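Taken in order, these protein sequences are the chains called A and B. Residue numbers for the first sequence follow UniProt numbering, beginning at 20 and rising by one. Residue numbers for the second sequence follow UniProt numbering, beginning at 20 and rising by one. Report on one structure; see the data block that follows.
Protein chains: 2
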Amino acid sequence: AAGLPAVAQGTPSVRWRMSTGWPKSLDEMYGSADALCKRVSELTEGKFEIRAFPGGELVPYAQNMEAVSNGTIECNHVLATAHIGTNTAVAFDTGLSFGMNARQHNAWVQRGGGLELLREMYKKHGIVNFVCGNVGVQMGGWFRKEIKSLADLQGLKMRVGGIGGMVLTKLGAIPQQIPPGDIYPSLEKGTIDAAEWIGPYDDEKLGLNKVAPFYYSPGWWEGSASITTMVNEKAWNDLPAPFKAAFETACNEQTLRMNAAYDALNPPALRRLVAAGAKLNFFPKDVMDAAYKTSQELWVELADKNPDFAKIYPEWRKFQEGQVAWFRVAESALDNFTFNAVSRSSK
Amino acid sequence: AAGLPAVAQGTPSVRWRMSTGWPKSLDEMYGSADALCKRVSELTEGKFEIRAFPGGELVPYAQNMEAVSNGTIECNHVLATAHIGTNTAVAFDTGLSFGMNARQHNAWVQRGGGLELLREMYKKHGIVNFVCGNVGVQMGGWFRKEIKSLADLQGLKMRVGGIGGMVLTKLGAIPQQIPPGDIYPSLEKGTIDAAEWIGPYDDEKLGLNKVAPFYYSPGWWEGSASITTMVNEKAWNDLPAPFKAAFETACNEQTLRMNAAYDALNPPALRRLVAAGAKLNFFPKDVMDAAYKTSQELWVELADKNPDFAKIYPEWRKFQEGQVAWFRVAESALDNFTFNAVSRSSK
Chain A
20 AAGLPAVAQG TPSVRWRMST GWPKSLDEMY GSADALCKRV SELTEGKFEI
70 RAFPGGELVP YAQNMEAVSN GTIECNHVLA TAHIGTNTAV AFDTGLSFGM
120 NARQHNAWVQ RGGGLELLRE MYKKHGIVNF VCGNVGVQMG GWFRKEIKSL
170 ADLQGLKMRV GGIGGMVLTK LGAIPQQIPP GDIYPSLEKG TIDAAEWIGP
220 YDDEKLGLNK VAPFYYSPGW WEGSASITTM VNEKAWNDLP APFKAAFETA
270 CNEQTLRMNA AYDALNPPAL RRLVAAGAKL NFFPKDVMDA AYKTSQELWV
320 ELADKNPDFA KIYPEWRKFQ EGQVAWFRVA ESALDNFTFN AVSRSSK
Chain B
20 AAGLPAVAQG TPSVRWRMST GWPKSLDEMY GSADALCKRV SELTEGKFEI
70 RAFPGGELVP YAQNMEAVSN GTIECNHVLA TAHIGTNTAV AFDTGLSFGM
120 NARQHNAWVQ RGGGLELLRE MYKKHGIVNF VCGNVGVQMG GWFRKEIKSL
170 ADLQGLKMRV GGIGGMVLTK LGAIPQQIPP GDIYPSLEKG TIDAAEWIGP
220 YDDEKLGLNK VAPFYYSPGW WEGSASITTM VNEKAWNDLP APFKAAFETA
270 CNEQTLRMNA AYDALNPPAL RRLVAAGAKL NFFPKDVMDA AYKTSQELWV
320 ELADKNPDFA KIYPEWRKFQ EGQVAWFRVA ESALDNFTFN AVSRSSK
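Here's what the structure looks like:
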């Protein structure tokens, strides 16, 4: 159209493939990857086209990190902790159990030295990482029976992976790896006793409230589920500067927008789940205390085994302590007052 | 350089001026406006250049909204509540006292129908608005004497404007309008009893701890200080689509990055202030309760007087109630546990 900046003659066209860690049914998570690609295209007048693929289509879910590392695909869109088998330090990219919340994590990444530390670690894998989304605090999952104390976790077969699975193992539970489509029948038959998925908006689609009515909060192992796009280092270095700027800006935009989407969609979904019979519950104090203590022990163990983990952990922890001190003075003080006041007046 | 997308022949060049509401000494706030402009330039290969100006250089601070409305300047970068004299409903753009926190506000704007409501209101002023930053919860300011109860606010002369000033007037205080450079001498001489500015990082530069040592939290009138760029509607409509995309994406990026910057910079600044003698305090419960109640009464009054306020308020409030219900289940539950646990172990 007249007045539109014409596509420059001679501008190179770049085509990338993005393998996501999500089935299309996770419409916000997959949708955010898709929105990222669309934005990059829009910002480059269609010269830099990235196509997002549902999980498993290009490479198996578990190989999303390796495939970027070896250049099979240019980039992915994943929860980095799905790849702690490759390097446990990727956990700092997603967030640790009882770690920083979404805002604090973003502060660490954007202005607290976090991105630099993560980049140094990923460089060893030939990867350049970008934060490109956040789910916020996830739920603790669906349980067939009430959890009255820590003792009820003994021998409990639960669908949970990553860091949560490592901590829960130490607490006596038995983590299970089960694909999303098998969660419902496994809970129905009692093959497993519990399953965590994401939060109200995504959980609702699986209908787990019908087979495991006890819905626990909070998902302490994912207090900030930060989403990552890992980019093959050579593919990144080959990009023209304006395409790099477009990619980075679009990632930052999705970090804001994915979190906003989940924050907007979770409240009505939770109301519908409770109306449909979900019994909302909080983990008992002794479970929370034991999980916190066990998590701290786990960080020491992981630091002993992995120099990358050992390098990032003290910096990350120091930043968290500063955030906690400040959030207790301002954010939490006002949140707690306002949430109580609004809650009272809206009853 | 070879391989770079060449600037398209025939692409129109656009030059805009952005009048900010900040002196350059607010280096993060002004810096975010500047970063927004630089990013837009980078995304458009220098074809869309916006130049940010310190407050007062292009138009007086108080005329930033009017100047965009009448096309004197193409855009501004302000705290919208500085313009409640023009339309009280702009308060929903910045955030109300005891309103939503930064994440909740962004959820409302991005996915909760908030942007559409704000756009409809601003359209009457010939303005298209964009959220482009957030400071988070501000501090409640510096006081020469301790505030032990609500009675201590009677007759208290305080430098505070906007919504905070309206609520504090109802509580018996006497708001004062004083330019930043005059705050220190006014407090020193006792011409005023208290002054609010922003938060630890910016407050530190004014050195107010030396003349008004009682530092109060939280700044309940700015629980989410969301920053706005108002764009002249005609200037916006004249932009080519890729320039619109660049501007919008850069605003979303700064919404994330300004908040991250303040979250990263405030904790060490608060530590330094306390070490330098600031006496950190929380507003007494009766002050908080009275301020909350008075705020709710104020919304009813403002809705009675202004149809724009009346239209947005019930939608905004309904969204806040949903956010509060959900945040109490997940975010706050985990924040409160983790903050206590980390705080105990970091002592």
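From the three backbone atoms N, C-alpha and C, an ideal C-beta is built for every residue, glycine too. Predicted model, so just to flag it, every value in this text is computed and none were measured.
Met-140/A: which of Trp-161/A, Ser-44/A, Arg-36/A, Thr-105/A sits nearest, CA to CA?
It is Thr-105/A whose Cα lies nearest to the Cα of Met-140/A.
Ser-365/A CB to nearest chain B CB: under 9 angstroms?
Cβ-Cβ to chain B under 9 angstroms: yes for Ser-365/A.
What first and last residue would you give for the beta strand (DSSP E) that runs through Val-147/B?
Element bounds for Val-147/B: 146-153.
Cβ neighbours of Lys-176/A in the same chain (closer than 7 angstroms, five flanking residues each side left out)
When the five nearest sequence neighbours on each side are left out, the beta carbons in the same chain lying within less than 7 angstroms of the beta carbon of Lys-176/A are those of Ile-193, Gln-195, Ile-211, Asp-212, in order along the chain.
Closer than 7 angstroms by C-beta to Tyr-332/B: which residues in its own chain qualify, once you throw out the five before and the five after it? Chain order, please.
Trp-318, Ala-322.
Since Ala-280/A contacts Glu-47/A with CB under 8 angstroms, what's their CB separation in whole angstroms?
Their Cβ separation, rounded to whole angstroms, is 5 angstroms, which keeps Ala-280/A and Glu-47/A in contact under 8 angstroms.
Which same chain residues, not among the five before or five after Phe-117/B, have their C-beta less than 7 angstroms away from its C-beta?
Around Phe-117/B, the same chain offers Trp-239, Gly-242, Tyr-311, Ser-314 as residues with beta carbons nearer than 7 angstroms, after the five sequence neighbours per side are excluded.
Taking Cβ to Cβ, would you say Met-185/B is nearer than 9 angstroms to Asn-83/B?
The answer is no: Cβ separation not under 9 angstroms.
For Val-293/A, I'd like the list of residues in its chain whose CB is within less than 7 angstroms of its CB, leaving aside the five on either flank, ordered along the chain.
Correct list, in chain order: Leu-299.
Under 8 angstroms, CB to CB, which of the residues in the region 34-55 of chain B have a partner in chain A?
Closer than 8 angstroms at the C-beta level to chain A, one finds no residue of the region 34-55 of chain B.
Which value, in whole angstroms, describes the spacing of the CA atoms of Gln-129/B and Arg-122/A?
Whole-angstrom Cα-Cα distance: 16 angstroms.
Applying a beta-carbon distance threshold of less than 7 angstroms, which residues of chain A neighbour Gly-341/B?
Within 7 angstroms Cβ-Cβ: Pro-286, Pro-287.
Cα separation between Val-230/A and Pro-237/A?
When rounded, the separation of the alpha-carbon atoms in Val-230/A and Pro-237/A is 20 angstroms.
Counting only runs that start and end within the region 232-278 of chain A, where is the alpha helix (DSSP H) found for 4 or more residues in a row?
Counting only runs of 4 or more, we get 252-256.
Please compile the residues from chain A whose C-beta is within a distance smaller than 8 angstroms of the C-beta of Asn-278/B.
Correct list: Arg-122, Asn-125, Ala-126.
Can you list, in chain order, the residues of the region 150-163 of chain B whose Cβ is nearer than 8 angstroms to any Cβ on chain A?
Cβ contacts with chain A: Gly-155, Val-156, Gln-157, Met-158.
Locate the beta strand (DSSP E) running through Pro-326/B, then write down its first and last residues.
Where Pro-326/B is concerned, there is no enclosing beta strand (DSSP E), although the alpha helix (DSSP H) it sits in stretches over 326-348.
Alpha carbons only, please: which of Trp-127/A, Ile-166/A, Cys-94/A, Val-306/A is nearest the one belonging to Glu-334/A?
For the residues Trp-127/A, Ile-166/A, Cys-94/A, Val-306/A, the minimum Cα distance to Glu-334/A belongs to Trp-127/A.
Compute the Euclidean distance between the alpha carbons of Ile-146/A and Asn-285/B, then round it to the nearest angstrom.
Their backbone Cα atoms lie some 32 angstroms apart in a straight line.
Pull up the DSSP beta-bridge partners for Met-37/A, would you.
In the DSSP assignment, Met-37/A is bridged to Ala-71/A, Cys-94/A.
Helix, strand or coil for Met-48/A? Go by DSSP, reduced to three states.
DSSP places Met-48/A in helix when its eight states are reduced to three.
Members of the region 225-242 of chain A that neighbour chain B once the beta carbon cut-off is set at 7 angstroms:
Listed in sequence order: Ser-236, Pro-237, Trp-239, Gly-242.
Check the Cβ-Cβ distances between Glu-61/A and every residue of chain B, and say whether any is below 9 angstroms.
Yes, because at least one Cβ of chain B sits closer than 9 angstroms to the Cβ of Glu-61/A.
Please tell me whether Thr-274/B and Asn-125/B are closer than 9 angstroms, where the distance is taken between their beta carbons.
Taking a C-beta distance under 9 angstroms as the contact criterion, Thr-274/B and Asn-125/B qualify as a contact pair.
What's the call for residue 376/B, buried or exposed, on a 16-neighbour Cβ count within 10 Å?
Only positions 20 to 366 of chain B appear in the structure, and residue 376/B is not among them; the question remains open.
For Arg-70/A, is the classification buried or exposed, using 16 other Cβ atoms within 10 angstroms of its Cβ as the cut-off for buried?
By the 10 Å Cβ count, Arg-70/A comes out exposed.
Going by other Cβ atoms of all chains shown within 10 Å of its Cβ, with 16 needed for buried, is Asn-228/A buried or exposed?
The residue in question, Asn-228/A, is buried, as its Cβ has 16 or more Cβ neighbours within 10 Å.
Ala-358/A versus Ala-344/B: straight-line alpha-carbon distance, rounded:
According to the sequence provided, residue 358/A is Phe. The question's Ala does not apply to it. Cα-Cα distance, rounded: 8 angstroms.
Cα-Cα separation, Asn-271/A to Glu-252/A
If you take the alpha carbons of Asn-271/A and Glu-252/A, they lie about 19 angstroms apart.
Report the rounded CA-to-CA distance for Val-33/B versus Leu-62/A, giving the unit in angstroms.
Computed Cα separation, rounded: 16 angstroms.
Name, please, each residue of chain E whose Cβ falls closer than 7 angstroms to the Cβ of Thr-357/A.
No chain E appears in this structure, whose protein chains are A and B.
Any idea what DSSP makes of Ala-310/B, helix, strand or coil?
DSSP places Ala-310/B in helix when its eight states are reduced to three.
Looking at Gly-183/B: is its Cβ nearer than 9 angstroms to the Cβ of Leu-169/B?
Here Gly-183/B is not near Leu-169/B, since their CB atoms are 9 angstroms or more apart.
Same chain, Cβ closer than 7 angstroms to Glu-93/A, neighbours up to 5 away in sequence not counted
Here the set comprises Trp-35, Arg-36, Val-250, Asn-251, Ala-254.
Would you call the CB atoms of Ser-38/A and Gly-90/A closer than 9 angstroms?
The answer is no: Cβ separation not under 9 angstroms.
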